[in-house]
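**Student:** Per the numbering used here, the sequence shown runs over residues 168 to 313. Glycine residues also receive a C-beta, built at the ideal position from the N, C-alpha and C atoms. Once you've had a glance at the structure underneath, I'll fire off some questions.
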Amino acid sequence: MTKHNQNNKTAILLVEDDDLDAVSVKRALTKLNTNNPIYRAKDGLQGFELMRSELSGRPFVILLDLNMPKMNGLAMLKALREDPKLSHNIVYVLTTSNREQDKTSAYQHHIAGYFLKSTLNHDYSELGSMLNQYLQINEPPVQHAN
Numbered sequence: 168m169t170k171h172n173q174n175n176k177t178a179i180l181l182v183e184d185d186d187l188d189a190v191s192v193k194r195a196l197t198k199l200n201t202n203n204p205i206y207r208a209k210d211g212l213q214g215f216e217l218m219r220s221e222l223s224g225r226p227f228v229i230l231l232d233l234n235m236p237k238m239n240g241l242a243m244l245k246a247l248r249e250d251p252k253l254s255h256n257i258v259y260v261l262t263t264s265n266r267e268q269d270k271t272s273a274y275q276h277h278i279a280g281y282f283l284k285s286t287l288n289h290d291y292s293e294l295g296s297m298l299n300q301y302l303q304i305n306e307p308p309v310q311h312a313n
């Protein structure tokens with residue numbers, strides 16, 4: 168688990184086991200001068216650890232891979248939506264899976280978008296730009312640490 172650029176803005180939680188993809192996403196956001204802190208977890212379990220500790224009480228957006236060890240993205244989504252303290256968080260899926268079953272399941276868990284890594288061709292600048300725009304204009308509710 169790593170974090171970068173702490174401040175009071177909405178944080179980005181990148182749940183991604185692939186180091187190259189994680190670096191590429193962070194690089195795309197850095198090139199856009201995104202001032203939001205970026206946290207990374209390598210699987211769903213680490214993601215939950217971060218949400219319940221360092222991200223507790225602050226708004227955050229999740230970029231979630233589906234194919235990961237320990238707790239995969241769909242299992243994390245299900246658990247996230249069942250947790251009353253975390254269920255409201257915005258989730259974008261970033262994955263290699265083009266399976267209709269995965270897309271349907273992810274959208275049934277109220278994700279904001281489903282992005283294929285192959286479509287992006289490891290160039291995350293468009294994804295970063297969309298996320299940067301969202302973070303600049305979105306007004307999340309104030310969260311209270313419990």
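Name the one or two DSSP bridge partners that residue 280 has.
**Tutor:** In DSSP, residue 280 forms a bridge with 259.
**Student:** Can you tell which of 273, 234, 252 has the C-alpha that lies nearest to the C-alpha of residue 259?
**Tutor:** Nearest of 273, 234, 252 to residue 259, Cα basis: 273.
**Student:** Using DSSP with H/G/I as helix, E/B as strand and the rest coil, what is residue 206?
**Tutor:** Note: residue 206 maps to strand in three-state DSSP.
**Student:** Residues in its own chain within less than 7 Å of residue 296 by CB, not counting five upstream and five downstream?
**Tutor:** Closer than 7 Å at Cβ, skipping near neighbours: 199.
**Student:** Would residue 179 and residue 202 qualify as a contact pair, given that the criterion is a beta-carbon distance under 8 Å?
**Tutor:** Their beta carbons are not under 8 Å apart, which means residue 179 does not touch residue 202 by this criterion.
**Student:** Using only the alpha-carbon positions, how far apart do residue 223 and residue 307 sit?
**Tutor:** Spanning the two alpha carbons is a distance of roughly 14 Å.
**Student:** Quick check on the burial criterion: 16 or more other C-beta atoms within 10 angstroms. Buried or exposed for residue 209?
**Tutor:** By the 10 Å Cβ count, residue 209 comes out buried.
**Student:** Could you pull out every residue in the same chain whose Cβ sits closer than 7 Å to the Cβ of residue 173, ignoring the five residues on either side in sequence?
**Tutor:** Residue placement at residue 173 is flagged as unreliable, the pLDDT there being 44, under the threshold of 50; the coordinate-derived value follows with that caveat. Cβ neighbours of residue 173 beyond the five flanking positions: 204.
**Student:** Could you tell me the alpha carbon to alpha carbon distance between residue 264 and residue 188, rounded to whole angstroms?
**Tutor:** The straight-line gap from Cα to Cα measures roughly 14 Å.
**Student:** Look at the alpha carbon of residue 171 and the alpha carbon of residue 275, and state the distance between them as a whole number of angstroms.
**Tutor:** At residue 171, the pLDDT of 44 sits below 50, so the modelled position is not reliable; the number obtained from the coordinates is stated separately. If I take the Cα positions, the gap works out to 31 Å.
**Student:** Let me know if residue 207 comes out buried or exposed under the rule of 16 or more other beta-carbons within 10 Å of its beta-carbon.
**Tutor:** Buried, because 16 or more other Cβ atoms sit within 10 Å of the Cβ of residue 207.
**Student:** Kindly list the residues whose CB is nearer than 6 Å to the CB of residue 235, restricted to its own chain and excluding five residues on each side of it in sequence; keep chain order.
**Tutor:** Answer for residue 235: 184, 210, listed in chain order.
**Student:** If you draw a straight line from the C-alpha of residue 169 to the C-alpha of residue 252, how long is it?
**Tutor:** At residue 169 the pLDDT is 46, less than 50, meaning the model places this residue with poor confidence and gives no usable figure here.
**Student:** CB residue 182 to CB residue 232, shorter than 8 Å?
**Tutor:** Closer than 8 Å, so yes.
**Student:** Check whether the Cβ atoms of residue 302 and residue 197 lie closer than 8 Å to each other.
**Tutor:** No, they are not a contact pair.
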